[in-house]
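Colleague: Per our numbering, the very first residue in the sequence shown carries number 2; after that it's consecutive.
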Amino acid sequence: MKMRQLRALCLLTLAALASARPKAGPEQKCKSGPVDLVFLIDSSRSVRPHEFETMRKFMIDILSTLDIGLNATRVGVVQYSSQLRNEFSLKTHAKLDAMVKNINEIIPLAQGTMTGLAIKYIMNSAFIAEEGDRPQVPNVAVIVTDGRPQDRVAEVAVEAREKGIEIYAVGVARADMASLRAMASPPYEDHVFLVESFDLIHQFGLQFQDKLCGMDLCLESDHGCEHICESSPGSFHCLCLPGYTLNQDGKTCAAIDLCAQGKHDCEQICVSSPGSFTCDCNKGYQLNDNKKTCSTIDLCAEGKHDCEQICISAPGVFTCDCYKGFKLNKDKKTCTNMDMCNTVEHGCEHQCVNTAGSYYCICPEGQLLQEDGKSCGTCKSANIDLVLLIDGSKSVRPQNFELVKKFVNQVVDSLDVSAHGTRVGLVQYSSRVRTEFPLNMYHTADEIKAAVMKVDYMEKGTMTGLALKHMLENSFSEAEGARPSSRNIPRIGLVFTDGRSQDDITEYAKKAKEAGITMYAVGVGKAVEDELREIASEPQEKHFYYTTDFTAINTIAENLKLNVCPEESQGEIEVKDPCACESLVEFQQATMSSLEQLTQKLSGMTARLEQLENQLLSRK
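Here it is as structure tokens:
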């Protein structure tokens, strides 16, 4: 009895409060801004007729407080049970009277309670542009139900909320609180209402009116949003700044770490910032222009080192090293030349000569360095680089040019031709210069002789100076097969001409000899003796030859062999009768050549005796 009295007292108190509340007149219409509002009302068979009338009045009372209009608040009503019925959409009515009339004409469906189906319907069919939904206008749904849903509501309610629909869940009597919370938007204390009967549903109407038309909760309440508070009619929700995501509490924010999530394309290091990232590189690497990939920092290539000789690069660092024959000093940067002749088994037969980081062998005068670069010997086993310059001018004539080619082959026969031994190159000149074959083209005497016989006669002028220039700058270059000067292989140039040069020979004759080239000059017929002597190396008597007739050049070839290879004749030296000589010059050349050979033989014998004597003394 006392409980009934207490309940009655509470009802009277609530009724008094409601009657004391000022009624919203036209001047008190809600001015909170435009809202698209849809009522979703449960008309299942458990809702009795008088209870449905109470729900009908509940909707009309709320609408009476709103500023209804196509540019203000738009309202739609959907009733549901086991099926759905759209009573009117957001675009149907622009005035309150028409909405009230439509609401009073609603006939309950009186079947089951398919709340999940109803939420899906308003999400896909009510809040759409075709039915009057407006962009950038808050979507609000009020669900009124008196029982437990007969289908699943949680998933579809989440989807609706994610689409921006703010859901109020009003439960009456037998309604399930867990289902109401599954449907409603957070915070639940503002969006979930449960009353004992339909008679008390007006309580929600009063509170909903306060929320829809009341204060801006973001400005006038302790909303608790960490970053951004966004107001909606009668409520608010929290947002986060770009690069952050809202935590499950709906208020605080957490930075989005794209690096930790692997959502980046950095090659080496990902540096995270909220919702973004930048790339960096490991030590010794630098970021490329694409700001993603990395390249090795090569301090050696960039010249950012202080190594004296060799810089060895590693990413961002370097170490120093030295050339062969040098050793790295304690400062790890500079190098000291090692005395290779005294620190290695050089194997030089006569004498070892140090160079920067290396060494080479030399031989006594009259001997040449052999192919092994260490031992010494005579011409047949020695190495030379020989370039022959033959005159192909018009005055030579074709039949004599053939004799010149035979002369060349006579010289080749006297040499030990091979890739590592003697090399021979041939240049023909007239008004211009033509390399017939360079030093590195042929490696046997037979190949050279065959190539010589195929040489075509040029004719025209006699530009001996131009030929000397070509020989110096091209024929004795390493590109055309000349061995490096450091190997100490003799370079010999032989000029064959039959007349006066049409250009100056002085400059390049001098430069050739200064470059270490031993020059031989062979003249025939109208060749000028002064020019031949200017070309020839000292002593001129050894390097200058002349004959009046092309038919005698084979004799010059024999004498030339004696000069280049002084030990080859083995004492078989023919001294010509002065009366048989065709010129005084030829006689002088033959006589001087013979004397020189005898002198060289005596010197060789003396040196050999000294060696034997020293060997005997060392054995004692």
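Don't be surprised by glycine CBs; every beta carbon is placed ideally from N, CA and C.
Using only the alpha-carbon positions, how far apart do Leu15 and Ser82 sit?
Modeller: At Leu15 the pLDDT is 34, less than 50, meaning the model places this residue with poor confidence and gives no usable figure here.
Colleague: Classify Ala261 as helix, strand or coil using the three-state DSSP reduction.
Modeller: Note: Ala261 maps to coil in three-state DSSP.
Colleague: Please report the Cβ distance between Val101 and Val39, rounded to the nearest whole angstrom; I am assuming they are in contact, meaning their Cβ atoms lie under 8 Å.
Modeller: Val101 to Val39, Cβ: 17 Å. No contact.
Colleague: Report all residues from its chain with a CB closer than 7 Å to the CB of Asp340; omit the five preceding and five following residues, and keep chain order.
Modeller: Result list for Asp340: Asn355, in chain order.
Colleague: Could you give the distance in angstroms between the alpha-carbon of Ile61 and the alpha-carbon of Ile104?
Modeller: Going from the Cα of Ile61 to the Cα of Ile104 covers about 8 Å.
Colleague: Starting from Tyr122, trace the alpha helix (DSSP H) in both directions and tell me its first and last residue.
Modeller: Tyr122 -> alpha helix (DSSP H) spans Thr116 to Tyr122.
Colleague: Suppose you measure from the CA of Leu220 to the CA of Thr246; what does that come to, to the nearest Å?
Modeller: Spanning the two alpha carbons is a distance of roughly 22 Å.
Colleague: Ala315 bridges to which residues according to DSSP?
Modeller: Looking at the DSSP assignment, Ala315 forms a beta bridge with Val318.
Colleague: How is His238 classed by DSSP in three states: helix, strand or coil?
Modeller: Residue state, collapsed to three classes: strand.
Colleague: Is DSSP giving Gly517 helix, strand or coil here?
Modeller: Gly517 falls in the coil class under three-state DSSP.
Colleague: Check this for me: beta carbons of Leu533 and Val412, under 9 Å apart or not?
Modeller: In this structure, Val412 does not lie closer than 9 Å to Leu533 by Cβ.
Colleague: If you draw a straight line from the C-alpha of Glu197 to the C-alpha of Met178, how long is it?
Modeller: Roughly 12 Å between the two C-alpha positions.
Colleague: Quick check: the segment 70-77 against the segment 44-59, are there 3 or more CB pairs under 8 Å?
Modeller: As far as the Cβ criterion goes, the segment 70-77 does not touch the segment 44-59, which means the pair count is below three.
Colleague: Below 8 Å on the Cβ atoms is my guess for Val138 versus Val36; work out the distance and round it to an integer in Å.
Modeller: Contact flag correct, Cβ pair sits at about 7 Å.
Colleague: Going along the chain, which residues of its own chain have a beta-carbon closer than 8 Å to the beta-carbon of Ile311, five neighbours each way excluded?
Modeller: Cβ within range, chain order: Cys321, Asp322, Cys323 and Tyr324.
Colleague: Given Cys377, which residues of its chain have a CB within under 6 Å of its CB, disregarding the five upstream and five downstream residues?
Modeller: Correct list, in chain order: Glu350, His351, Cys364 and Gln368.
Colleague: Would you mind reading off the limits of the beta strand (DSSP E) that contains Glu542?
Modeller: From DSSP, Glu542 is part of no beta strand (DSSP E) but of the alpha helix (DSSP H) over Gln541 to His544.
Colleague: Find the nearest neighbour of Gly244 within the set Val159, Leu416, Gly276 and Asp457, judged by alpha-carbon distance.
Modeller: It is Gly276.
Colleague: I need the straight-line Cα distance from Arg501 to Asn384, nearest angstrom please.
Modeller: About 33 Å.
Colleague: May I ask you to report which of helix, strand or coil DSSP gives Ser65?
Modeller: Looking at Ser65 - three-state DSSP - the assignment turns out to be helix.
Colleague: Where DSSP assigns a beta bridge to Tyr81, which residues make up the other side?
Modeller: Asp43 and Leu85.
Colleague: Is Tyr324 helix, strand or coil when you go by DSSP?
Modeller: Coil at Tyr324, not helix or strand.
Colleague: Pull up the CB-CB distance for Asp392 and Phe551, whole angstroms please, since I reckon it's below 8 Å.
Modeller: The Cβ separation is near 11 Å, so there is no contact.
Colleague: Are there 16 or more other CB atoms within 10 angstroms of the CB of Arg492, so buried, or fewer, so exposed?
Modeller: Arg492 is buried by the Cβ-count criterion.
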